[in-house]
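Notes follow the structure.
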Amino acid sequence: MAGQRTHVTRGLRFVLTASYALFFALMFTLVAGVFRQSLAGFLDRQVHENLDQDWAAIKGYLRIQKGVPTWYFDEHDTDEAAIVGRLRRVYVLINASGRVIQGTDLYASLGMDSPAEIKSVLETGTAHFRESHDPHGVPYVIRSGAVFDEDHREKYFVAIGRSTSDNGKLLQRFTWLCIWLIPLMLLGGCVLGWIFAGRALSPVLAVARTAQRITGSNLSLRIPTRQSGDELDYLIETLNQMIERLENSFRQIRQFSTDVSHELRTPLTILRGQLEVALFTAQSSEQYREAIVDSLQDIERLSQIVRALLLLSQAETGQVVLQPTTLDLAALVKDLSEQFQIPAEGGDVRLEIEVPPQPVMAELDRVQIERMLSNLLSNAVKFTPPGGRVGVHLRAEEERAVLRVEDTGRGIAPEHLPHIFDRFFRVSGPAAESPEKGLGLGLSFVAWIARAHGGSVQVSSEPGHGTVFEVTLPLHGVPREMRPDVAAPANV
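Position 141 of the sequence shown, counted from 1, bears residue number 141 in our numbering, the numbering being contiguous throughout.
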């Protein structure tokens, strides 16, 4: 398993590294491509601007008188001589009839005497730019336009050109430089990607190492957060919450197994003892009959435990489906509470019932609500001493109903309250004395039924003064089916 985890980690780091390297290479290629296009555009604009400057210089130095061109410049001025020499390097002068008056050797090979272009320029007077190549493949940009003679009577076609071979070589060198840099970028991306991936995965590896130490017998460990508030901290918090739920589940399972074994072992031991006593000591059929009756009572108690556990197990796995119907909760509470009037009077306990005079309509499962109220009333009457009081109160508050069952019994110690809804939990000590011993599952059912209906149950108690259970139930929107995530309270 360790080797497999290492392989997975290295594989993920390799994938991240390759992604970084590919990203760097693609970004470099994209940036280089954009920069090359920008450079090419800049060089083209520069050539056009230079040709425009050359054109302005031609108009300043060239004079045409009676069809004869003359270049006026100071021959002793080396700068002017150099400018005129450059202008006449690629140059042609053509009259309106198409006759070449003056030109260099390259004009014909560059197509600078195109009749169509001459006609267009002389008719419109606008400047033309175009690209051409000499016989050796050297690229040129040609700029053509119209000029007038000194008398401003005749129009002439003039074309000049500039070689762009240097620009092409510059772009070519830049392209090759980028091609050579791509492998270097890949290598640099791999190195940086390997480092960054290692740093990015180090918290994940720390989480994995901590998670490896968490087992079923050691669920108290938690993964420490980095307090950065990022996605990894959110993941760690989620994992810690999951581990906490697992810890609670394992603890409940262990406690449940212990409780079940204890609850089943006691009646089984009693049953075994009764049968052994009857087998070895009974002398008459009446003694056998008493032993069988006692055994049947213990068997019935075992059956009750098994049935109750089966129902709770079905509730936890979502197999219990609520059957909500529209009912008058006030009438249900009043009628069911009145059924406990006789048992309460038999124990010299005063039962007070207070419900609203008007109907309290709600969508609830009648059977489950009756089970819940019966468990609460049964416990209240059972643990209230003679001369005490049990009160049942119902009130409606907007979209919910609040059911309150209170008694003046011995109360529950504060240290027992957090466990009052646990399975098989019974309060020990004098406060637990009662002529009847329950299964320890009634309040677990109360909590489950309340939550199954989307409500809640709260308990408060003061030793020597009594206990109060308050159940809150929604009047509408009861879920149709119990789901495992809401089927039972966490401590049921």
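Quick reminder that beta carbons are idealized off the backbone N, C-alpha and C, glycines included.
K66 carries a coil assignment under DSSP once its states are collapsed to helix, strand and coil. A distance below 7 Å separates the beta carbons of P267 and L302. In chain order, S337, I353, V405 place their CB closer than 6 Å to the CB of V392, counting only its own chain and leaving out the 5 sequence neighbours on each side. Comparing alpha carbon positions, the residue from L181, C190, N240, E231 closest to T210 is N240. Unbroken beta strand (DSSP E) stretches of 3 residues or longer found wholly inside the segment 99-124: 100-103, given in chain order.
Taking 7 Å as the cut-off, the beta carbon of D134 is found closer than this to the beta carbon of L106. The straight-line gap separating the alpha-carbon atoms of A146 and Y20 is approximately 58 Å. Here W180 is exposed. Its C-beta has fewer than 16 other C-beta atoms within 10 Å. The C-beta distance from V459 to L417 rounds to 6 Å, short enough to fall under 8 Å.
For V471, the enclosing beta strand (DSSP E) starts and ends at 466-474.
If you check the CB distance, L192 and R13 do not come in under 7 Å. Under the three-state reduction of DSSP, T215 is assigned to strand. For secondary structure counted as the alpha helix (DSSP H) over 4 or more consecutive residues, the segment 298-373 holds these complete runs in sequence order: 329-338, 341-346. Burial state of I369 is buried, judged by a 10 Å Cβ sphere holding 16 or more other Cβ atoms.
Here the C-alpha atom of S228 lies approximately 42 Å from the C-alpha atom of R36. In the DSSP secondary-structure assignment, D407 is bridged to V390, T467.
DSSP places I160 inside the beta strand (DSSP E), whose first and last residues are 155-163.
Your pair N95 and G67 checks out as a contact, with CB atoms roughly 7 Å apart and the cut at 8 Å. Bounds of the beta strand (DSSP E) holding S456 are 456-462.
Pairing F383 with G409 gives a Cβ-Cβ distance under 7 Å. At least 7 Å separates the beta-carbon of Y72 from that of R86.
In the same chain as L122, and ignoring 5 residues on each side of it, the C-beta atoms closer than 7 Å to its own belong to A96, A146, K155, F157, in chain order. The DSSP assignment places no complete beta strand (DSSP E) segment of no fewer than 3 residues inside the segment 173-201. With 16 or more other Cβ atoms inside 10 Å of its own Cβ, D422 counts as buried. Under the DSSP definition of a beta bridge, I94 partners with V100, F157.
In the DSSP assignment, V84 falls outside any beta strand (DSSP E) and lies within the alpha helix (DSSP H) extending over 78-87. DSSP places R130 inside the beta strand (DSSP E), whose first and last residues are 128-133. Contact between I292 and L271 does not hold, since the beta-carbon distance rounds to 11 Å and is not under 8 Å.
For I449, there is no enclosing beta strand (DSSP E); the residue is found in the alpha helix (DSSP H) stretching over 442-452. When secondary structure is reduced to three states using DSSP, E75 falls in the coil class, being assigned neither helix nor strand.
R226 is not bridged by DSSP to any residue. Non-local beta-carbon contacts of E470 in its own chain, meaning distances under 6 Å to residues more than five positions away in sequence, involve R404, Q458 in chain order.
At least 7 Å separates the beta-carbon of V446 from that of G388. Note that the C-beta distance between A25 and I182 is below 7 Å. Inter-residue distance for Q46 and I58 is about 18 Å (C-alpha atoms, whole angstroms). With a threshold of 16 other beta carbon atoms within 10 Å, H453 meets it and is buried.
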